[in-house]
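J.: The structure's right below; bear with me while I get my questions together.
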């Protein structure tokens, strides 16, 4: 096939194809889904079960444990973790990446249904939630008003604002937090209840039977079958007041005679503040398949309309995921433009002919539009990973165009017409260009089939690079020849003269470098062994540096968002926690780099807020802090966090705290980068081991903010019942517990519709809580089955002890975790020291300490990456064997690969980067790219040998002939990746080590390939001649 003839001969077909690429590429650019980063979490589901009145250990034993044992049989299950707290069980199920999470959710629901009868009767129906990164709030809106109190503001927000936002396309849910809720209170007079011989349970039962909606069958009426229902609904407070209560002596009394009925505020256990002012929060989550930026734009547009409709209500955006995403995309797009510009400058310096430079320059945006079109076809996203890949590809995509244009130029200099030169030049270089691109593609393709974290993180990057390199090949072979013919008549003499002022000195310098190379080459060929030993020494030193430099999963990046979670002394009331939060808010309000902050304190039933220490209670708070862009401040987010930690340390009564940045962990489901798990069967032993481990880890250099996942200092008041006395009275433990719960918390008996069709709960309780102290509790009256009232102290005694606030299990085993963060030192070095410290702890039989979270993922990923590097080297070698029809010369070419170490080591050292997954990916990428220059050299030397030239002369001619293309592609690669390496764009810190690795590797391999490859070629040729003579 003649690519040149197709390009030049089918002009209008090629031009139509170019126009189609431009149109579809631009369409794709503006319609691709944008997000911050890919979801690397495996399919997950969460089973949440509410068990009112139960302590954490009871929840674990009676609810979590039997459910876990049932879930083990689910297909595709890889991990089962449970967290049991007072009143609540949360079981997180992780599945294999190939599992359909929708089907898994159905299977989970069926499993729950099959064991429901064996679970406690007081357990509310478990909820099965499909967990994804999309389920996290993408937008938080603060609501406040000067004219409405928090109770009325919440009513308005629930009845109008929340409903309006839920109707927006792409919105999955809108949850409300903060303020006050109303309920219908039936506040009983304890003295009247006693006088009439009633109990709270009797009144609750009467109210339940007075408020009923139930089907009772069907009947035929006038030939029509009708559904028959009994319906008695409470609609007004007056109706509730006049409910008749039957007394034991046959008389009756009205409800209003034994208590007061009114609308009142529910005792709140949660609050929300925006920038220090009490507000309401509306937390918006999006549907999984929708664009984050677009959904938020739709919501904010609706907010503007709602602001006009409700001018007395202030609606402020507290947190907005689209802000950083848009900044990141815009910054990355600017970096792409900058990379293209600098690459064009390099090309123009080498190619003084302006028309040819323009041809190459035009090819770059064409390749990107082609790539974006392919990304759209494969339903990919524009995110931190794919945009980094686009920047990374700039140098690679221009290589094919440079080679084709240079070859066309050479043929034209031989006296051929531009059309014939375009055809011959393209066809001559077509197969080497395809072979060169294939060596890069072949190392990227295996990444598409790797599963787990590495696959989910790097598959989009690999696919983007594959699209870009493939597109560049199509553009180089089909579009460049035609563009060369079309642009040839334009000489751009004036521009050329101006450009020559820069290009001539540059090219003179490059010629001087070439002559230096040739002199060095002659010396190397005379001293092969000495050169070989020197190169090996450099490689050994570089390899040793890389090994000892330390490693991390993924580099941190400055997102500008910090999360602060605090826990007060166990049982701290909401108001006291609010007071402590105000100290932190004061610090934040005085910090010039803080833009805004919002605080969520406590929890709301049905809207559980998970913090770093489990589901939050009144003694916990989470603060989200938004900083100015990292380009607008001197302090990094980590310096700010260190200052904030120092401040929090001095605040009294804070039991535990955690300060971390958004995106602070490579594994998004991990709470902290450093996670050590202690597992065994006895919780008290686990707590003791964890305390020892925490103390040792805290003393290790490079660790900070170390905390445990549990707190076993919660005070518990327990009632020990006299079973013999209870038998005499006909009481059971369950009935005693039920009666005590009703007297302490009250009893919900149903709902009623009040003003404006608003549905409210009805709660029956005493005017004030029955027990304000131990004596009150012991004197609490309990009713036996025959109506006799006895005080609690007659059947039991009350004592206090300490307990843990949560119980964790991992794959059916009790566990506790020690969590924390690292700073200044490499993550792997800290882990090594932690491992040594853990080995010093004497573990009882059946107990173990192990790393989880980021270190576990790093260990698993390392094996995958080493395998991929090995596979890349093998594939490149096997690809070269048929091309050179030799098993020896491919080894000569492959020698370029280890040379990259000599460049990678100083590149990482100078920039202060550790070994990481992006660095390893860069090595894989280099394995497929650095051999291209070696291929060009070996091919040219072999051609010289075939023409009858001597070995040394063939080597010198090959260096002269291939020097400019090699240097041009190398420098264009380097400047193209420079914006990513310099971390010019927000978020680019995460993948800058990839660019740094490739830049260092390409520079070293390019500079050394010109020396080392000819030396090795000559060595093998000499050995071959010796073998032939023998």
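Numbering (the working numbering), first residue to last: 536 to 1565. Even glycine gets a Cβ: it sits at the ideal position worked out from N, Cα and C. Keep in mind that this is a model prediction, so the values were computed, not measured.
(1) Once DSSP output is grouped into helix, strand and coil, what is the label at residue 905?
(2) With 16 other CB atoms within 10 Å as the buried threshold, where does residue 903 fall?
(3) Starting from the Cα of residue 777, find the closest Cα among 762, 803, 745 and 763 and give me that residue.
(4) Between the segment 647-658 and the segment 825-837, are three or more C-beta pairs nearer than 8 Å?
(5) How would you label residue 1245, buried or exposed, when you count the other beta carbons within 10 angstroms and need 16 or more for buried?
(6) Could you name the residues of the same chain whose beta carbon sits closer than 6 Å to that of residue 989, not counting the 5 residues immediately before and after it, in chain order?
(7) Under DSSP, the beta strand (DSSP E) around residue 1240 begins and ends at which residues?
(8) Starting from residue 1480, follow the beta strand (DSSP E) in both directions and report where the run begins and ends.
(9) What is the DSSP secondary structure of residue 1212, counted as helix, strand or coil?
(10) Ignoring anything shorter than 3 residues, give me the beta strand (DSSP E) runs that lie fully in the segment 794-836, in order along the chain.
(11) Determine the DSSP secondary structure at residue 568, reduced to helix, strand or coil.
(12) How would you label residue 600, buried or exposed, when you count the other beta carbons within 10 angstroms and need 16 or more for buried?
(13) Can you name the residues that DSSP bridges to residue 945?
(14) What is the residue span of the beta strand (DSSP E) that residue 1334 lies within?
(15) In terms of residues, what are the limits of the alpha helix (DSSP H) holding residue 1489?
(16) Does the beta-carbon distance from residue 874 to residue 929 come in below 8 Å?
(17) Do three or more CB pairs link the segment 1042-1057 to the segment 1540-1547 at distances below 8 Å?
(18) Between the Cα of residue 1357 and those of 1373, 1377, 1349 and 1236, spot the shortest distance and give me the residue it belongs to.
(19) Touching or not, the segment 992-999 and the segment 915-926, by the rule of three or more beta carbon pairs under 8 Å?
(20) Which first and last residues belong to the beta strand (DSSP E) in which residue 1136 is found?
(21) Is it a yes or a no for the segment 1214-1231 touching the segment 1339-1352, going by three-plus beta-carbon pairs under 8 Å?
(22) May I have a chain-ordered list of the alpha helix (DSSP H) segments no shorter than 4 residues that lie completely inside the segment 1010-1093?
(23) Per DSSP, what kind of secondary structure is residue 1542 in: helix, strand or coil?
(24) Can you check which of these residues, 1278, 1334 and 1335, is closest to residue 1316 by C-alpha distance?
(25) Taking the alpha carbon of residue 1259 as the point to measure from, which residue in 1232, 1213, 1330 and 1370 has its own alpha carbon closest?
(26) Enumerate in chain order the residues of its own chain whose CB-to-CB distance from residue 1188 is below 6 Å, with the five nearest sequence positions on each side excluded.
(27) Return the CA-CA distance between residue 971 and residue 879, expressed in angstroms with no decimal places.
(28) What number of angstroms, rounded off, separates the C-alpha of residue 1077 from the C-alpha of residue 1458?
(29) Just the C-alpha distance for residue 1178 and residue 926, rounded to the nearest angstrom, thanks.
(30) Determine contact between the segment 1110-1124 and the segment 1251-1268, defined as no fewer than three beta-carbon pairs at a distance below 8 Å.
(31) Rounded to whole angstroms, what's the CA-CA distance from residue 669 to residue 1200? Just pull it up for me.
(32) For the segment 1458-1476 against the segment 1033-1042, do three or more pairs of beta-carbon atoms, one drawn from each stretch, fall closer than 8 Å, so that the two count as touching?
(33) Please classify residue 616 as buried or exposed, where buried requires at least 16 other C-beta atoms within 10 Å of its C-beta.
(34) Starting from the C-beta of residue 1319, find all residues in its chain whose C-beta is less than 8 Å away, skip the five residues before and the five after it, and write them out in chain order.
(35) What's the call for residue 620, buried or exposed, on a 16-neighbour Cβ count within 10 Å?
(36) What distance in whole Å lies between the Cβ atoms of residue 717 and residue 801, which are believed to be in contact at a cut-off of 8 Å?
T.: For this structure:
(1) As a first step, residue 905 must be located in the chain shown, where it is residue number 370. Helix at residue 905.
(2) Position 368 of the chain shown holds residue 903. Buried, since its Cβ has 16 or more Cβ neighbours within 10 Å.
(3) Translated into the one-based positions of the chain shown, residue 777 becomes position 242. Among 762, 803, 745 and 763, the Cα nearest to that of residue 777 is on 745.
(4) no
(5) In the chain shown, residue 1245 corresponds to position 710, counting from 1. Counting C-beta atoms within 10 angstroms of its own C-beta, residue 1245 has 16 or more neighbours from the protein chains shown and is therefore classed as buried.
(6) What you label residue 989 is simply residue 454 of the chain shown in a count that begins at 1. Result list for residue 989: 1396 and 1399, in chain order.
(7) Start at 1 with the first residue of the chain shown, and residue 1240 comes out as number 705. Residue 1240 -> beta strand (DSSP E) spans 1238-1243.
(8) Along the chain shown, one-based indexing puts residue 1480 at 945. Where residue 1480 is concerned, there is no enclosing beta strand (DSSP E), although the alpha helix (DSSP H) it sits in stretches over 1452-1481.
(9) Start at 1 with the first residue of the chain shown, and residue 1212 comes out as number 677. Three-state DSSP puts residue 1212 in a strand.
(10) 794-800, 805-809 and 812-821
(11) In the chain shown, residue 568 corresponds to position 33, counting from 1. Three-state result, residue 568: strand.
(12) Stepping through the chain shown from its first residue, residue 600 is reached at position 65. Buried, by the Cβ-count rule.
(13) In the chain shown, counting from the first residue as 1, residue 945 sits at position 410. Paired residue(s): none; residue 945 is not in a bridge.
(14) To locate residue 1334, count along the chain shown from 1; it is residue 799. Run containing residue 1334: 1331-1338, per the beta strand (DSSP E) assignment.
(15) Taking the chain shown and counting its residues from 1, one reaches residue 1489 at position 954. Its alpha helix (DSSP H) spans residues 1486-1516.
(16) Mapped onto the chain shown, residue 874 falls at position 339. Mapped onto the chain shown, residue 929 falls at position 394. Closer than 8 Å, so yes.
(17) Flag = yes, the segment 1042-1057 and the segment 1540-1547 touch.
(18) Here residue 1357 refers to the residue found at position 822 of the chain shown. The residue with the shortest Cα to Cα distance from residue 1357 is 1236.
(19) yes
(20) Numbered from 1 along the chain shown, position 601 holds the residue referred to as residue 1136. 1129-1137 is the extent of the beta strand (DSSP E) around residue 1136.
(21) A contact exists between the segment 1214-1231 and the segment 1339-1352.
(22) 1015-1022, 1028-1061 and 1063-1083
(23) Numbered from its first residue, the chain shown carries residue 1542 at position 1007. DSSP places residue 1542 in helix when its eight states are reduced to three.
(24) Residue 1316 sits at position 781 when you count from the first residue of the chain shown. When 1278, 1334 and 1335 are compared, the shortest CA-CA separation from residue 1316 is found for 1278.
(25) Looking up residue 1259 in the chain shown gives position 724. The candidate whose alpha carbon is nearest that of residue 1259 is 1330.
(26) One-based indexing of the chain shown puts residue 1188 at position 653. So the qualifying residues of the chain are 1103 and 1104.
(27) The residue given as residue 971 occupies position 436 in the chain shown. The residue given as residue 879 occupies position 344 in the chain shown. Cα to Cα, residue 971 sits roughly 22 Å from residue 879.
(28) The residue labelled residue 1077 in the question sits at position 542 within the chain shown. The residue labelled residue 1458 in the question sits at position 923 within the chain shown. Here the alpha carbon of residue 1077 sits roughly 14 Å from the alpha carbon of residue 1458.
(29) Taking the chain shown and counting its residues from 1, one reaches residue 1178 at position 643. Taking the chain shown and counting its residues from 1, one reaches residue 926 at position 391. So the alpha carbons of these two residues sit roughly 35 Å apart.
(30) no
(31) In the chain shown, the residue the question calls residue 669 occupies position 134. In the chain shown, the residue the question calls residue 1200 occupies position 665. Confidence at residue 669 is low in this model, with a pLDDT of 43, below 50, so the placement of that residue is unreliable and no value is reported for it.
(32) Contact between the segment 1458-1476 and the segment 1033-1042 is absent, because fewer than three Cβ pairs lie under 8 Å.
(33) In the chain shown, residue 616 corresponds to position 81, counting from 1. The residue in question, residue 616, is buried, as its Cβ has 16 or more Cβ neighbours within 10 Å.
(34) On the chain shown, residue 1319 is found 784 positions in, with the first residue counted as 1. The residues are 1264, 1265, 1266 and 1325.
(35) The residue given as residue 620 occupies position 85 in the chain shown. Flag for residue 620 reads buried.
(36) By one-based count along the chain shown, residue 801 stands at place 266. By one-based count along the chain shown, residue 717 stands at place 182. Going by Cβ atoms, the distance from residue 801 to residue 717 rounds to 7 Å, so yes, they are a contact pair.
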